[in-house]
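S.K.: In the working numbering, each residue's number is its place in the sequence shown (first place is 1) plus 35. Beta carbons: idealized from backbone N, C-alpha and C, even for Gly. From a predicted model like this one, the values you see are computed outputs, not experimental measurements.
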Amino acid sequence: MPSPLMQQLIADHRNFAVFIDILEGQADRLEAGERTDLEVVEAILGYLHRYGDQCHHPREDLLYAQLRQRHPQASEGTSGLEADHAQMHEATKRLLHEVRTVCDGSELDAYALAQRLSGFVIHYRAHFDAENEHLFPIAIAVFTPEDWKLIERLAAIMTSAERAMHVQERFHALRNYIHAIDRLNP
């Protein structure tokens, strides 16, 4: 049975996949010239930006650091994934800024925005798939109970349980909001 932290990271990826699917649908609508809810896109990007940068990626970075320190050979194939976190942070920040600018009344180049959203979706999916297929199985296979205890302690210092619960509540609220909007605007 994976550690509680690993279970949370796996759950995060499932939650992110829900939002990535919605972003993909919005990008497809935008590219087709159909009505797109950019406020939903903005809300999702905001969630990915805040939670990804403040909770999820720092926790994964603990896994990468522990792999490098305790199991260097096992970590060889994961260095690109760790470096990807900084690139994802910047890409999310730029796209979020662009969408907010459009929501605030700036002119929209629908095709260009659709292309950037589609590229964003492809990149996120590839990153999560690679972590699910490489990082997580390696960590589960090679970490000892002592490794997990250390990682869990460090993660607890970084993120309080109260904050983690708040993030889960925000995910569920945002998901429910988006589903309600989709039902109202087929």
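I'd like the list of long-range same chain contacts for Ile-79, defined as Cβ closer than 8 Å, with 5 residues on each side in sequence excluded.
M.R.: Working through the sequence shown from its first residue, we reach residue 79 at position 44. These residues qualify, in order along the chain: Phe-54, Ile-57, Leu-58, Leu-209, Ile-213.
S.K.: Helix or strand or just coil, what does DSSP make of Met-41?
M.R.: Stepping through the sequence shown from its first residue, residue 41 is reached at position 6. It is helical.
S.K.: Which whole-angstrom value describes the C-beta separation of Phe-171 and Ile-45, a residue pair presumed to lie in contact below a C-beta threshold of 8 Å?
M.R.: Sequence index remark: in the sequence shown, residue 171 carries index 136 (1-based). Sequence index remark: in the sequence shown, residue 45 carries index 10 (1-based). That pair is a contact at about 7 Å.
S.K.: Please tell me whether Tyr-146 and Glu-69 are closer than 8 Å, where the distance is taken between their beta carbons.
M.R.: Taking the first residue of the sequence shown as 1, we reach residue 146 at position 111. Taking the first residue of the sequence shown as 1, we reach residue 69 at position 34. Taking 8 Å as the Cβ cut-off, Tyr-146 and Glu-69 do not qualify as a contacting pair.
S.K.: Going by Cα to Cα distance, which pick from Asp-47, Leu-40, Glu-74, Ala-52 is closest to Gly-140?
M.R.: Along the sequence shown, read from residue 1 onward, the residue named residue 140 stands at position 105. Gly-140 has its Cα closest to that of Glu-74, out of Asp-47, Leu-40, Glu-74, Ala-52.
S.K.: State buried or exposed for Ala-118, treating a residue as buried only when at least 16 other CB atoms are found within 10 Å of its CB.
M.R.: Mapped onto the sequence shown, residue 118 falls at position 83. Looking at its Cβ environment, which holds fewer than 16 other Cβ atoms inside 10 Å, Ala-118 is exposed.
S.K.: In three-state DSSP terms, what is His-106?
M.R.: The sequence position of residue 106 within the sequence shown is 71, counting from 1. Coil.
S.K.: What do you reckon, are the CB atoms on Leu-98 and Ile-186 nearer than 8 Å?
M.R.: The residue you call residue 98 lines up with position 63 of the sequence shown. The residue you call residue 186 lines up with position 151 of the sequence shown. A contact, by the Cβ cut-off of 8 Å.
S.K.: Are the CB atoms of Arg-151 and Leu-130 nearer to each other than 8 Å?
M.R.: Residue mapping note: residue 151 aligns to position 116 of the sequence shown, counting from 1. Residue mapping note: residue 130 aligns to position 95 of the sequence shown, counting from 1. Yes. Within cutoff.
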